[in-house]
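Those sequence lines, one after another, are chains L and C.
Residue 1 is where the first sequence starts when you use our numbering, and the numbers rise one by one after that.
Residue 1001 is where the second sequence starts when you use our numbering, and the numbers rise one by one after that.
Every residue, glycine too, gets a C-beta built ideally from N, C-alpha and C.
Number of protein chains: 2
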Amino acid sequence: MIAALAGGVGAARFLDGLARVIPPKDIFVIGNTGDDTEVYGLHVSPDLDTVTYTLAGLADPIRGWGLKGDTFYNLEARRRLGVESWFQIGDRDLATHIFRTELLRLGLKLSAVTFAVRRKLGVRSFITPMSDDPVRTMVETRAGLLEFQDYFVRRRARDAVRAVHFHGSEKAKPAPGVLGAIRNADAVVFCPSNPIISIGPILEVHGIRQALLRRRGPTVAISPIVGGRALKGPAAKMMRGLKLSASALGVARLYQGIVNVFVLDNEDQAMASKIESLGMKAVVTDTIMSSLSKKKALARAVMKALD
Amino acid sequence: MIAALAGGVGAARFLDGLARVIPPKDIFVIGNTGDDTEVYGLHVSPDLDTVTYTLAGLADPIRGWGLKGDTFYNLEARRRLGVESWFQIGDRDLATHIFRTELLRLGLKLSAVTFAVRRKLGVRSFITPMSDDPVRTMVETRAGLLEFQDYFVRRRARDAVRAVHFHGSEKAKPAPGVLGAIRNADAVVFCPSNPIISIGPILEVHGIRQALLRRRGPTVAISPIVGGRALKGPAAKMMRGLKLSASALGVARLYQGIVNVFVLDNEDQAMASKIESLGMKAVVTDTIMSSLSKKKALARAVMKALD
């Protein structure tokens, strides 16, 4: 069994390849919920949904969020009511958020809701939030302390990031099965996600970092940074703002001690020896997942590195 | 100023005519909220919305609920999640319910939300719920005590009605402005709505019946029953279930003492003298609102009866 720590789009692409290379039911996805937010009074879990929709074959391939072919009539009607709507939710996507909010208000846990959604959408991999307790990623900028979606969606990640905080992480307990999966997995994979705001919050949940430190088997990370650029999202810019090297090496440094195999792109092979000096095995391969065959090739390369 | 007690479709049609015959801003609509319900965890106010959408020119003319040209993609997606969805909500209509629910959760009153919605949709008549406190119409049938929407939508009004209860009505206070409007209106109009479950709950709100009893000016009711059939909905069947005469006369009896002008259809003119013997002036006219010009003609006939 493979346990995968996952953010949004980058993770979803990698997992889509992985689920075509190993049996989907052997994948246990631990999703970031630091980006979760309340939108229109509804509980939205962007990263969990991106992974779920992608593995269900329903994700919009162009936008990088939401459902393929979704419409936005509710949003139009919402604008007519004069309400701010910088956070766009499609008509079909909305059903997920309404369903999730209903069940949470009835007292169900986010993990139970996530289970129900992925099952109903036909996803055979297990997907769970990192925690059923709220963790909220807050971004410190010159414009003040911003909720993640405010920073990311409304302000389009334009603010220089001075610090990142994960409100609630010290009190958050791992969701059921998470620690066991990390302990017992044949391998733990850090998906190619933003190390600060996608993998970072997962590592801050009480007990998860320790479980990773105590693991004996392989823990592999795939760099989301190639040639100093993020494959997707604000990772590189954010790392520079935090005075970190926006490179595969910078990512590897963040994972030192908990990761023992590090996958980086051909473009960055010059960094391999420095990464190895951090105590990791460096695996150089093509990490750009621009097609289904490339996704599968990366998944195969990762599986091979684990042998 | 005209104060109008209103249910759903029948009331909305009448008010649509009235707002073309007198200045819309001179109409103060007191809407039934006994049919309100929680759907998908959202607060739905069917009668308030039907009136608001109709006066905004946005109502679906065929279905009798929801918005013209609305789509149901959220509902499709909801079904894919495996959730019961006998209560259909269109994608655009959903925006109203989400907006309402958001504001109610923030602590706003239903009257404030209703004000905001009708203003944003360009409705110049004032529309208010009868009360900001919850009143829930419960229908006693052989199948048990049913929530109104369960009886009406899910079970399609097929159960014989033994009794109707308005949970919460004894504690419900009239919404701001309601008692003043009833006291000071040049006329109060009981729209052609179901006397049991549309007008009935309004009369049960604390102080409303008494305010009507104390009024000096005219109070006019328009019969929703023509020739023993309801213009819309289950009124006739419901009245028979309650051992009431399903006729204009039966409706007039329910309003005896609080209504002094009763408008009935040409088809029922034989009942006029019996209605007059209840202490009301009977006005016989065409009450079938099958076209815009007929709606306006009915509104003019009502206004004339008030002189």
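Counting C-beta neighbours from all protein chains within 10 Å, is the total for residue i 16 or more, i.e. buried, or is it exposed?
i, result
"S1198/C", "buried"
"G82/L", "exposed"
"I288/L", "exposed"
"D1047/C", "buried"
"A1301/C", "buried"
"P195/L", "buried"
"S310/L", "The shown model of chain L, from 1 to 307, leaves out residue 310/L, and the question about it has no answer."
"A1095/C", "buried"
"K1304/C", "exposed"
"N32/L", "buried"
"G1122/C", "exposed"
"G1090/C", "buried"
"S169/L", "buried"
"A1163/C", "exposed"
"L106/L", "exposed"
"A252/L", "buried"
"I1182/C", "buried"
"A279/L", "Here residue 279/L turns out to be Gly, not Ala, going by the sequence shown. By the neighbour-count rule (16 or more Cβ atoms within 10 Å), G279/L is not buried but exposed."
"P1234/C", "buried"
"G57/L", "exposed"
"R142/L", "exposed"
"L67/L", "buried"
"G1144/C", "exposed"
"A160/L", "exposed"
"R154/L", "exposed"
Just to confirm my understanding: we take residue i, look at its own chain, exclude 5 residues before and 5 after, and list those with CB closer than 7 Å. What are they?
i, result
"K1207/C", "Strictly speaking, residue 1207/C in this sequence is Gly, with Lys absent from that position. Contacts found: P1174, L1179."
"D1026/C", "M1001, I1002"
"I258/L", "R209, L212, L213, T219"
"Q88/L", "F72, L75"
"G1017/C", "M1289, K1295, K1296, L1298, A1299"
"V284/L", "L264, N266, Q269, A272"
"R240/L", "A246"
Give the interface partners of residue i over in chain C, defined as CB-CB distance under 9 Å, in chain order.
i, result
"R300/L", "Correct list: empty, because the minimum Cβ distance to chain C is about 32 Å."
"T71/L", "T1071, Y1073, D1091"
Note down, in chain order, each residue of its chain lying with its Cβ closer than 8 Å to the Cβ of residue i, except the 5 sequence neighbours on either side.
i, result
"V113/L", "F99, R100, L103, L104"
"V248/L", "Correcting the residue type first, residue 248/L is Ala in the shown sequence and not Val. Closer than 8 Å at Cβ, skipping near neighbours: S223, I225, V226, F262, L264, D265, D268, M271, I275."
"T1128/C", "F1028, V1029, I1030, G1031, S1111, T1114, F1115, A1175, P1176, G1177, V1178"
Can you list the residues of chain C that residue i reaches, using a CB-CB cut of under 8 Å?
i, result
"I127/L", "Simply none; closest approach about 15 Å."
"A77/L", "L1067, D1091, R1092, D1093, L1094, A1095, T1096"
Which partner residues of residue i appear in the DSSP bridge assignment?
i, result
"I1042/C", "The sequence given here has Leu at residue 1042/C, not Ile. L1042/C pairs with V1039/C."
"R1229/C", "V1226/C"
"E1276/C", "None; E1276/C has no bridge partner."
"D286/L", "Beta-bridge pairing links D286/L to no other residue."
"L1264/C", "V1284/C"
"L1005/C", "I1030/C, F1190/C"
"I127/L", "V29/L"
"M1138/C", "E1147/C, H1165/C"
"A221/L", "F190/L, F262/L"
"Q1256/C", "V1259/C"
List, in order along the chain, the chain L residues whose C-beta lies closer than 8 Å to that of residue i?
i, result
"V1153/C", "None at all; the shortest Cβ gap to chain L is about 18 Å."
Please list the partners that residue i has in chain C, where partner means a Cβ-to-Cβ separation under 7 Å.
i, result
"V117/L", "L1081"
"Y40/L", "I1098, E1102"
"K294/L", "Within chain C, no residue comes near K294/L; the closest Cβ sits about 30 Å away, beyond 7 Å."
Could you tell me which chain L residues have their CB closer than 9 Å to the CB of residue i, listed as they occur along the chain?
i, result
"R1063/C", "Chain L residues near R1063/C: none, gap ~16 Å exceeds 9 Å."
"A1121/C", "A small fix is needed here, since residue 1121/C is Leu in this sequence, not Ala. By Cβ distance, chain L contributes R80, L81."
Within the same chain, show all residues whose beta-carbon is closer than 6 Å to that of residue i, passing over the 5 residues directly before and after it, in chain order.
i, result
"F1126/C", "F1028"
"G1064/C", "V1009"
"H97/L", "L42, V44"
"L306/L", "A187, P218"
"D132/L", "K109, L110, S111, A175"
"K232/L", "V9, G10"
"A1221/C", "F1190, Y1255, V1259, F1262"
"H1167/C", "R1136, M1138"
Is the shortest distance between the beta-carbon of residue i and the beta-carbons of chain B less than 8 Å?
i, result
"R1105/C", "No chain B is part of this structure, whose protein chains are labelled L and C."
Checklist entry - Taking only runs of the alpha helix (DSSP H) that begin and end inside the region 1146–1199 of chain C, which ones reach a length of at least 4 residues, in chain order? => result 1178–1184
Item to check | alpha helix (DSSP H) segments (min. 4 residues) lying fully within the region 12–92 of chain L | outcome: You should have 46–55, 73–80.
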